[in-house]
Amino acid sequence: MGDVSKSDTPLKATFKVRLNGETVTLATVGQAYRFISNLSAVEWMEFRSLHDEALVALERAAGNAMLTVQATNALRMLFVRAKLL
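The opening position of the sequence shown corresponds to residue 66 in the numbering used here, with each subsequent residue numbered one higher.
This is the structure in structure tokens:
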């Protein structure tokens, strides 16, 4: 897939993440990819390996919808460890 951030492939779960007092809803691969790639690398530094795994999983899921379970699980692990959920 060319541009992962434009993917409308649905995730297996919808995440509602609070950031800076606002709730962000992440329901598609593209929304999740934009969310975790638009924050600076410094913000994800503590969770670098989980962040990298989530990005790779989202990239794969954008090209193959059958991989959305893995992408959803990778996001869940990242968000739980970062205490965003």
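Every residue gets a Cβ at the ideal spot worked out from N, C-alpha and C, and that includes glycine.
For Leu140, the uninterrupted alpha helix (DSSP H) run begins and ends at 133-146, by DSSP.
Cβ neighbours of Leu115 within its own chain (closer than 7 Å, five residues either side excluded): Met142, Leu143, Arg146. A straight-line Cα-Cα distance of about 24 Å links Leu76 and Gly86. In the displayed model, Leu123 falls within a helix according to three-state DSSP. Annotation for Val107: the continuous alpha helix (DSSP H) segment containing it runs 106-109. Taking C-alpha positions only, Leu123 is separated from Val94 by approximately 6 Å. The beta carbon of Leu140 sits closer than 6 Å to the beta carbons of Ala97, Ala119 from its chain, once the five residues preceding and following it are set aside; these are given in chain order.
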